[in-house]
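UniProt numbering applies: residue 1 is where the sequence shown begins, and numbers increase by one.
Cβ atoms here follow ideal geometry from the backbone N, Cα and C, with glycine treated the same way.
Below: the structure, in structure tokens.
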Amino acid sequence: MAHKDAHELAGQTVTVTTQLPLFGESDTTVKFVVEDWWDRVSGGSWMDATGNLAAMNYGVRSGLSGLPLDDEVLYGHVGAFGHLVHATEITAPERAA
1 MAHKDAHELA GQTVTVTTQL PLFGESDTTV KFVVEDWWDR VSGGSWMDAT
51 GNLAAMNYGV RSGLSGLPLD DEVLYGHVGA FGHLVHATEI TAPERAA
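Dropping the structure here:
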């Protein structure tokens, strides 16, 4: 596992901006609830997550978008659906009211 500690934004809602929409989304800017680093959630790299729909969607999207081929990848949700995003796609954390 690449990350020993939880991501600093785990449990928070952030704004994510992607070059291509996340699966099932029509906009490239969405509110994303960060669960944690993918390797902490799954126990391994997204590149080894054979058959995992979120990892497969991320693999296609990252390849087409030219994202870095590394494990700086977060798991979280947009609505009820789980997604993977690269840490560089986080454009702004939400501010507590």
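Continuous alpha helix (DSSP H) stretch holding residue i: start and end
{"i": "Gly63", "result": "Leu53 to Ser65"}
When the options are compared against residue i, the one with the closest alpha-carbon
{"i": "Leu20", "options": "Arg61, Gly79, Lys31 and His83", "result": "Arg61"}
{"i": "Val33", "options": "Leu9, Ala2 and Ala55", "result": "Leu9"}
{"i": "Ala80", "options": "Leu22, Leu69 and Gly59", "result": "Leu22"}
{"i": "Pro93", "options": "Met47, His3 and Val16", "result": "Val16"}
{"i": "Leu64", "options": "Gln12, Ala49 and Thr18", "result": "Thr18"}
{"i": "Leu69", "options": "Val85, His7 and Val78", "result": "Val85"}
Residue range of the unbroken beta strand (DSSP E) whose run includes residue i
{"i": "Asp36", "result": "Thr29 to Trp37"}
{"i": "Leu84", "result": "Phe81 to His86"}
{"i": "Gly43", "result": "Gly43 -> no beta strand (DSSP E), and no H or E assigned at all."}
Cα-Cα separation between residue i and residue j, rounded to whole angstroms
{"i": "Gly82", "j": "Leu53", "result": "9 angstroms"}
{"i": "Thr29", "j": "Asp71", "result": "22 angstroms"}
{"i": "Ala2", "j": "Ser26", "result": "32 angstroms"}
{"i": "Glu35", "j": "Gly51", "result": "20 angstroms"}
Exposure of residue i, with buried meaning 16 or more beta-carbon neighbours within 10 Å
{"i": "Ala55", "result": "buried"}
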